[in-house]
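Asker:
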Amino acid sequence: MTDLHYPFSTPPEPGDWLPVADGVYWLRMSLPMALDHINLYVLDDEDGWWIIDTGMGLDSTQEAWERLFADKMSAKPVKGIIVTHMHPDHVGQAGWLCDKWRAPLYMSFGEYYNARAFSTMTRDTLGWTTRQYYHQAGLTTEYLDQMRAKFRGFGSIVEPVPMAYNRLREGDVLHIGGREWQVMIGSGHSPEHVCLFNARDNLLFSGDQIIPRITSNISVMAVEPNANPLQDWFDSLARFQRDLPAETLVFPAHNTPFTGVQARLQYLVDHHEDHLQAVEEACLTPRKAVEMLPVLFSREIDSSQMSLALGEAVAHLNYLVTAGRLVRELDEQGVNVYTVVDESVRDRQGRAHSKDPAPMEV
Ligand SMILES: [Zn+2]
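Last residue of the sequence shown: 363 (our numbering), numbering continuous.
(1) Inspect the CB distances between the segment 41-60 and the segment 70-85 and report whether three or more fall short of 8 Å.
(2) Going by the beta-carbon positions, is the gap between MET34 and GLU301 smaller than 8 Å?
(3) Measuring CA to CA, which of SER157, GLN133 and CYS99 is closest to TYR166?
(4) Would you kindly check if the distance between the Cβ of THR55 and the Cβ of HIS91 is under 8 Å?
(5) For GLU362, does the three-state DSSP call read helix, strand or coil?
(6) According to the neighbour-count rule (16 or more other Cβ atoms, all chains shown, within 10 Å of its Cβ), is ASP233 buried or exposed?
(7) What residue ranges within the segment 2-40 form continuous alpha helix (DSSP H) runs of no fewer than 4 residues, ordered along the chain?
(8) Does the beta-carbon of HIS176 have 16 or more other beta-carbons within 10 angstroms, so that it is buried, or is it exposed?
(9) Could you name the residues that DSSP lists as bridge partners for TYR42?
(10) Measure the beta-carbon distance from TYR42 to LEU28 and round it to whole angstroms, keeping in mind my assumption that it falls under 8 Å.
(11) Determine the direct distance from the alpha carbon of ILE83 to that of LEU205, and round the result to whole angstroms.
(12) How about LEU277 and HIS317: do their beta carbons lie closer than 8 Å?
(13) Tell me whether CYS196 sits in a helix, a strand or coil according to DSSP, three-state version.
(14) Quick one: residues in its chain with C-beta nearer than 7 Å to the C-beta of VAL184, no 5 flanking neighbours on either side, listed in chain order?
(15) Taking the C-alpha atoms as reference points, what is the distance between ILE158 and HIS38?
(16) Are the beta-carbon atoms belonging to LEU250 and ALA22 less than 8 Å from one another?
(17) Kindly examine ligand 1 and report whether one of its heavy atoms sits closer than 7 Å to the Cβ of ASP125.
(18) The beta strand (DSSP E) with THR340 in it runs from where to where?
(19) Confirm the yes/no value for this check: CB of ASP271, any heavy atom of ligand 1, distance under 7 Å.
(20) Can you give, in chain order, each stretch of the beta strand (DSSP E) that sits fully within the segment 245-270 and has at least 3 residues?
(21) From the DSSP output, in three-state form, read off LYS101 for me.
(22) Quick one: any contact between the segment 56-75 and the segment 124-134, if contact means 3 or more CB pairs under 8 Å?
(23) Can you tell me where the alpha helix (DSSP H) with GLN137 in it begins and where it stops?
(24) Quick one: is MET30 buried, meaning 16 or more other Cβ sit within 10 Å of its Cβ, or exposed?
(25) Could you check if SER109 belongs to the surroundings of ligand 1, using beta carbon to heavy atom distance under 7 Å?
Below is the structure:
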């Protein structure tokens, strides 16, 4: 399998762009987190530009867009805004861009309505179901109060989501700049993530579905405590392994464009299989979700990372429960306790498993 290769060594500065294929431009905007950037893309169409992902709802993002509109993009209007998925660094400026250009928004159904719903969530709308989810995962009441006090909500980093959109579905084709872009839907990182593939030139906009160096966060959230996003993630990886040519040039939302997609997809499968085995072995002794954090992450998790880290732990636990490899029971305190079904995993114990340093924000 071909190793990963990065054909563009230096990313563009915010407010600038870099051509990465005929009629395809790579932009980069800042993020105020450990992961300090997002890649956005602009497609050249005859009578206007198409934007793929929009950046976080920050003044600095709008300033970078304004510099592009005044310079590189000054010749034509923006004619369409495509958002791969609902996360704030992707959908954050969709409302501002759509209003500014009176341009249509393109998203999948699941991502659009999740973005609408999450953007109305505030500290005051967190109710007993959220509290119950975290309590069942093993967090104390004091810890929950701390998390709640710090919660700022999705709406604080997302411009109001447009009130209308065009729905993208699996298999839809967008005709842009002489190319056909086929919609490929992935899931697991977000509910109905849009990727765009051009089969003639083997180009893929992968969003957060396939990133070369970061393993995307796969989380169960309080809104759906029994979700099994890791199964969705494995299903999507298998689908992309089947359908993407080895020579595909991938334009991801983080890190840099790359080739070697099949090697990356296999790494992601192996990475999560390995984490599943580690969790299963840890549950030879009955365990709570919060006790899985040192099994999956090498760094201490602070309260700002807790919901992502715990979400990832519960994703692995829910997968194993659904697969019949763990049993989940509520203890006397109302906390979920997980126990391995097949005791013979004890024979695997002692084998090293990989850990991520900390949960990724994407
Ligand atoms: Zn994301």
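All residues carry an ideal CB built from backbone N, CA and C; glycine is no exception.
Answerer: Judging by the given coordinates:
(1) Cβ pair count under 8 Å is three or more, so yes.
(2) Mapped onto the sequence shown, residue 34 falls at position 33. Mapped onto the sequence shown, residue 301 falls at position 300. Taking C-beta atoms as the reference points, MET34 and GLU301 fail to come closer than 8 Å.
(3) Locating residue 166 in the sequence shown gives position 165, where the first residue counts as 1. Looking from the CA of TYR166, the closest CA among SER157, GLN133 and CYS99 belongs to CYS99.
(4) For the purposes of this step, residue 91 is taken as the residue at position 90 of the sequence shown. For the purposes of this step, residue 55 is taken as the residue at position 54 of the sequence shown. Cβ distance < 8 Å, so HIS91 and THR55 count as in contact.
(5) Start at 1 with the first residue of the sequence shown, and residue 362 comes out as number 361. GLU362 sits in coil when the DSSP states are folded into three classes, being neither helix nor strand.
(6) Here residue 233 refers to the residue found at position 232 when the sequence shown is read from its first residue. Buried, because 16 or more other Cβ atoms sit within 10 Å of the Cβ of ASP233.
(7) The segment 2-40 is shown to contain no whole alpha helix (DSSP H) run of 4 or more residues.
(8) Taking the sequence shown and counting its residues from 1, one reaches residue 176 at position 175. It counts as exposed.
(9) By one-based count along the sequence shown, residue 42 stands at place 41. In DSSP, TYR42 forms a bridge with TRP27 and ILE53.
(10) In the sequence shown, residue 42 corresponds to position 41, counting from 1. In the sequence shown, residue 28 corresponds to position 27, counting from 1. At roughly 7 Å, the Cβ-Cβ gap stays under 8 Å, so TYR42 and LEU28 are in contact.
(11) Working through the sequence shown from its first residue, we reach residue 205 at position 204. Working through the sequence shown from its first residue, we reach residue 83 at position 82. If you take the alpha carbons of LEU205 and ILE83, they lie about 14 Å apart.
(12) As a first step, residue 277 is located in the sequence shown; it is residue number 276 there, counting from the start. As a first step, residue 317 is located in the sequence shown; it is residue number 316 there, counting from the start. Cβ distance < 8 Å, so LEU277 and HIS317 count as in contact.
(13) Taking the sequence shown and counting its residues from 1, one reaches residue 196 at position 195. Correct three-state label for CYS196: strand.
(14) The residue given as residue 184 occupies position 183 in the sequence shown. Taking C-beta separations shorter than 7 Å and ignoring five residues to either side along the sequence, the partners of VAL184 in its chain run LEU169, ARG170, GLU171, GLY172, ASP173, VAL195 and LEU197, following chain order.
(15) If you number the sequence shown from 1, residue 158 lands on position 157. If you number the sequence shown from 1, residue 38 lands on position 37. Straight-line spacing of the CA atoms in ILE158 and HIS38 works out to 15 Å.
(16) As a first step, residue 250 must be located in the sequence shown, where it is residue number 249. As a first step, residue 22 must be located in the sequence shown, where it is residue number 21. With respect to ALA22, LEU250 sits close: the two C-beta atoms are nearer than 8 Å.
(17) Counting from 1 along the sequence shown, the entry for residue 125 is found at position 124. Placement of the Cβ of ASP125 at a distance of 7 Å or more from every heavy atom of ligand 1 is found.
(18) Mapped onto the sequence shown, residue 340 falls at position 339. DSSP places THR340 in the uninterrupted beta strand (DSSP E) bounded by 337-341.
(19) What you label residue 271 is simply residue 270 of the sequence shown in a count that begins at 1. Distance from the C-beta of ASP271 to the nearest heavy atom of ligand 1 is not below 7 Å.
(20) Counting whole runs of 3 or more residues, the segment 245-270 contains the beta strand (DSSP E) stretches 250-253.
(21) As a working note, residue 101 is residue 100 in the sequence shown. Reduced to three states, the DSSP call for LYS101 is helix.
(22) The segment 56-75 vs the segment 124-134: no contact.
(23) As a position in the sequence shown, residue 137 is number 136, starting the count at 1. Per DSSP, GLN137 is one residue of the alpha helix (DSSP H) stretching across 129-138.
(24) The residue labelled residue 30 in the question sits at position 29 within the sequence shown. Label assigned to MET30: buried.
(25) Sequence index remark: in the sequence shown, residue 109 carries index 108 (1-based). For ligand 1, not one heavy atom lies less than 7 Å from the Cβ of SER109.
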